[in-house]
Every structure is written in C-alpha cells, then in structure tokens.
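Residue numbers (the numbering used here): 2 to 425.
Below: one structure, written as structure tokens.
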Amino acid sequence: MPESVSVDALIARRKPGHSLEAPFYTSQSVFDLDMMAIFGRHWIYVAVEPEIPEPGDCVTVNIGRASVIILRDDDLQVRAFHNVCRHRGARLTPEGASTVGNLVCPYHQWTYGLDGRLLFAEHMGREFDTSCHGLKPVHVRSVGGLLFVCLAKEPPSDIDALAAAIEPYIAPHDLRHCKVAHSEDLIELGNWKLTMENNRECYHCVGNHPELTVPLFEYGFGFSPDSLDDNRRVHAERYDALLTESCQRWEGMGLPSREIDRLTDVTGFRTQRLPIDGSGESQTKDTRVASRKILGSLSERSLGGLSFWTQPNSWHHFMSDHIVTFSVLPLSPDRTLLRTRWLVHKDAVEGVDYDLKALTEVWNATNRQDGDLVAIAQAGAASPAYEPGPYSPHTEGLVEKFCAWYIDRLSAHQGVAAPVEVAA
2 MPESVSVDAL IARRKPGHSL EAPFYTSQSV FDLDMMAIFG RHWIYVAVEP EIPEPGDCVT
62 VNIGRASVII LRDDDLQVRA FHNVCRHRGA RLTPEGASTV GNLVCPYHQW TYGLDGRLLF
122 AEHMGREFDT SCHGLKPVHV RSVGGLLFVC LAKEPPSDID ALAAAIEPYI APHDLRHCKV
182 AHSEDLIELG NWKLTMENNR ECYHCVGNHP ELTVPLFEYG FGFSPDSLDD NRRVHAERYD
242 ALLTESCQRW EGMGLPSREI DRLTDVTGFR TQRLPIDGSG ESQTKDTRVA SRKILGSLSE
302 RSLGGLSFWT QPNSWHHFMS DHIVTFSVLP LSPDRTLLRT RWLVHKDAVE GVDYDLKALT
362 EVWNATNRQD GDLVAIAQAG AASPAYEPGP YSPHTEGLVE KFCAWYIDRL SAHQGVAAPV
422 EVAA
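Here it is as structure tokens:
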C-alpha cells in the first residue's frame, strides 16, 4: 500500500455498492489489521464437536500467528487454550487432530491437565508455584455443535443472540451425534475477503459450477427479472413457488425454515432453508441422499438444504443425510485456507451406508472452481488498472453486506466513522 494512503482514508472513502479498493486485498498492512481487528476480536468458526467426542480428544487450529487447542476435558466440557507452553513458549500440539492424556510440552516436558492447570514442571525448585503457570484460556462457544473461538480478552456478547436464533434451526440435524466422514484443506491463491465475497453470490454459478447447479437453484441468491430469457424466467417462477410451498411444509413439520438475516450484527449471521432441485434431497450430482442414515430427528429425505452463514469466516449446509461446513482462515494477503468438512450420522458406515465420492464430489469440484476464480480476482486486484466496480443490486446484495460489515468493524477498531451513501 502506498505510504500516502492510510487505512483510515481507505475506510472513509469506501463507496457502498462497489468492490473494495486494491489495498484491502493486496496490502500487508491491511492484512495485519484484519488479523488484529477481525480475526483477533470476533468469534471465528474453527471446528465441530464430533472432532473431539471423548475426553483427551483435541484439535489445534492456527489463526494467523495464534495457535489454539480445542479439547474435551474429563468432565466432557469443551475447552480452548493458547497453544503456548508457559515455560519458554514452545507449541504443545501440532496443527490438526490428536488424542492426549495430558498436554505435555515436547521441549522440557512441562505437563498440563485437560483443564489447563500445570501439573508437573521438573527442576523449578520448591518455591515455584504451579498455580500461576497454567495455560492461557481462549473463549470457546458451541452453537449446536459448531465450535467458535474468540481471541479477544472480552468477546462480543451477541454470540448469545446468534445461538438463540440458530440452534432451533440446526438442532433437528443433531450435529453432535454425527462424525466427520471427510475433511479437505484447499489453499486459495487470493485474499480471504475474496473467498468470502465469492461465497456470498451466485452470479457466477451458471458459468462456473456445472456440478453445484444441478442441486442448487441460483435464484436463491437473487436475479434480475428483466435479464432472463423465457426459459429461465419460467425456471425462476417455479423456484419462487417451490420456495413458498416448501417453507410452509417444513415449518408445518416443526423445522424452522424462514430467513433470518442479521449480517450487520457484530457477530453477523444469516440462515434460511432452501429448496434443492430434482428430488429435493441433497447437494449431490443426482440430488438424492448420499447417506442412507438420516440425521437426528428428521423423518424424511426431501428437506432441502438449511444454509447458515456467519461473519467473518464460515458457511454451512445442513441436509437430511449430511452436513457440509466451511471455515476460512487467512494465511497472507494473497493466500487463504479453506477447510471443508463433510459429516454423516455417527453410525453410518462407508461403503455400506454412504459412498464417499458421491458425498463429496459436488463441493470438492465447486471448491476447486471457486479457488480458480479467487485466484484470477486476486491477480486483477493487483493490477495497476484495477478500480472498484459496481455490484449487481439483484445478485450481489450479500457481497455488499459482507463488505459493509467488514468496513464497519474496521471503523469501530480504528475509531473512524464508517462511510455512508450520500444521495446524488
């Protein structure tokens, strides 16, 4: 970012309804601010409870320079700690999943219980007080089995509002009694905000996602009626009728389905149960369930897909037979980790109840395609010819909501007023 352009100036002159200026995607200074103001202060989706089902099960996640251990303690409670030994700072566990009796530092064998207390530290003398050297805790919250952490000293309190609104929607899928059938990490060659922006619209879907557009209606993200040909207009009208009918049916079954949009909250979120094309069962290439074992208390297969989005870094799809979750973790200004998990009923057996290829092929293909799109968007943002372009008012409303949320959160951190749209 040129020295003459400050972050505060970039924030103040952001034009609503347009993409962000190039430094928001390319600057190391802005990236460092993102890690501090966004990923260091907000609730970040990192894992699912089925990854830590038993005492001693843990999963370690890196968020920028921070490393966090999320584990199940002996009382079956979920806890989180900074992955930093209180002796000389060595990391206790490697990134990923593991199972431990205690947390033992590989450097000098300082040993911590699953509650974070320091249990053993050899050669420290009789006066050494172990109670003063426990692991530093990290705020952790399970929302229906989805695990969020916050690195801030005081986390945003509106996670309670999110949980109250969302848990009735996802509870029937019984995430806590699922298992991870597959997990896939993809490094996208672009800024994390481009990954999130790409997720928040389907303007690009027909031209880029032949697998996803079999089960997914692009119209769920909006469309311009004036630009549709006769065939697509009929298709859009069918979708509108199906959405209304399906929502009434699902609500009548006791499945909350209507849209909740609170993307401008500090802990922003949105949810809605949307129809699936074809058989209406699952986000698969034939639109039918990929697993024969239906989840939780659900009684039938054709229940569409419950979508749940959070600011700043996740989206999720809950179907009758499986769940797909996505976590976005920034690595550098032009590198982003997209972590995808597919979950099925804990008793489902691969090769008997589900086929892994059928379960994962739609989103594996879609992720790769989106990764390619993010890469070309990043390359364009780095060009001297780049300037912010206008969003479609019909199909990119959720992109604008993400960018407006992001600018507002930076503004709050910097203590500057967020930009407002001024009538001509």
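All C-beta atoms, glycine included, are put in the ideal place defined by N, C-alpha and C.
Predicted model only: the values in this text are computed from it and were never measured.
First through last residue of the alpha helix (DSSP H) which encompasses residue i
i    : result
D371 : L357 to A382
H236 : D231 to G253
L148 : No alpha helix (DSSP H) holds L148; the beta strand (DSSP E) holding it covers L147 to C151.
F25  : P24 to T27
I277 : Unbroken run through I277: none, as it is neither H nor E.
Y170 : I160 to I171
L115 : Run containing L115: none; DSSP gives neither H nor E here.
L339 : Looking at the DSSP string, L339 is not in any alpha helix (DSSP H); the run it does join, the beta strand (DSSP E), is R336 to H346.
W316 : No alpha helix (DSSP H) contains W316, which is instead part of the beta strand (DSSP E) from S315 to F319.
Residue span of the beta strand (DSSP E) that contains residue i, given as start and end
i    : result
H83  : V79 to H83
K180 : C179 to E189
H205 : First-last for H205: undefined, no H or E at that position.
N63  : D58 to I64
S412 : Here S412 belongs to no beta strand (DSSP E); instead the alpha helix (DSSP H) covers G398 to Q415.
V139 : Note, V139: premise wrong, no beta strand (DSSP E); not H, not E.
W310 : G306 to T311
V329 : I324 to S333
L11  : First-last for L11: V8 to A13, but that is the alpha helix (DSSP H), not the beta strand (DSSP E).
L256 : From DSSP, L256 is part of no beta strand (DSSP E); its letter is neither H nor E.
Contacts around residue i, its chain only, beta-carbon distance under 7 Å, and the 5 residues preceding and following it disregarded
i    : result
S7   : none
S99  : C59
V31  : M2, V8, P24 and F25
T361 : H183 and W343
P389 : K16, H19, S20, L21 and E22
Beta-carbon proximity list for residue i, same chain, < 8 Å, skipping 5 on both sides
i    : result
L120 : N103, T112, Y113, G114 and T131
A425 : For A425, the pLDDT reaches just 33, beneath the cut-off of 50, and the residue's location in the model is therefore unreliable, although a value from the coordinates is still provided. Here the set comprises nothing.
V423 : Confidence at V423 is low in this model, with a pLDDT of 39, below 50, so its placement is unreliable and no value can be given for it.
N314 : F40, I45, Y46, W193, M197, S328, V329 and L330
N199 : H205, D371, L374, V375 and A378
W406 : L264, T265, G269, Q312 and P313
E351 : A182 and L357
S68  : T61, V62, H83, N84, V85, R92 and E96
V105 : L93, W111, T112 and Y113
Sequence-distant residues of its chain with Cβ nearer than 6 Å to residue i (five each side left out)
i    : result
A376 : L190 and G191
W44  : F149, C151, I160 and T268
L411 : I12 and A38
D74  : R80, L115 and D116
E168 : G145
D175 : L296 and G297
P135 : Strictly speaking, residue 135 in this sequence is Gly, with Pro absent from that position. Closer than 6 Å at the Cβ level, and outside the excluded window around G135, lie G117, R118 and L119.
Y387 : A23 and G381
Minimum C-alpha distance to residue i - residue among the options
i    : options                : result
L339 : N63, P56 and A122      : N63
S328 : S20, Y46, F40 and E198 : Y46
P51  : V141, F40 and K180     : K180
Q312 : A413, C404 and C59     : C404
Q273 : F222, N232 and A67     : F222
T285 : R89, L213 and D76      : L213
H205 : F270, Q370 and D287    : Q370
H140 : V49, A164, G65 and H83 : H83
C-beta contact flag for residue i and residue j at 8 Å
i    : j    : result
E397 : E123 : no
G305 : L275 : yes
V363 : P216 : yes
P334 : S28  : yes
S308 : H318 : yes
R342 : S184 : yes
L77  : D58  : no
I277 : T288 : yes
P17  : T61  : no
P257 : Y392 : no
A153 : R42  : yes
T326 : L34  : no
R293 : Y220 : no
R336 : I188 : yes
Buried versus exposed call for residue i [16 or more other C-beta atoms within 10 Å across all chains shown]
i    : result
M197 : buried
S321 : buried
F129 : exposed
Y108 : exposed
I295 : buried
A291 : buried
V235 : exposed
P3   : Confidence in P3 is poor, its pLDDT being 46 and thus under 50, which makes the residue's placement too unreliable to answer from.
S20  : buried
G281 : buried
C248 : buried
A242 : exposed
R138 : Sequence inspection shows Pro at residue 138; the Arg mentioned does not correspond to that position. The residue in question, P138, is exposed, as its Cβ has fewer than 16 Cβ neighbours within 10 Å.
T245 : exposed
D186 : exposed
D230 : exposed
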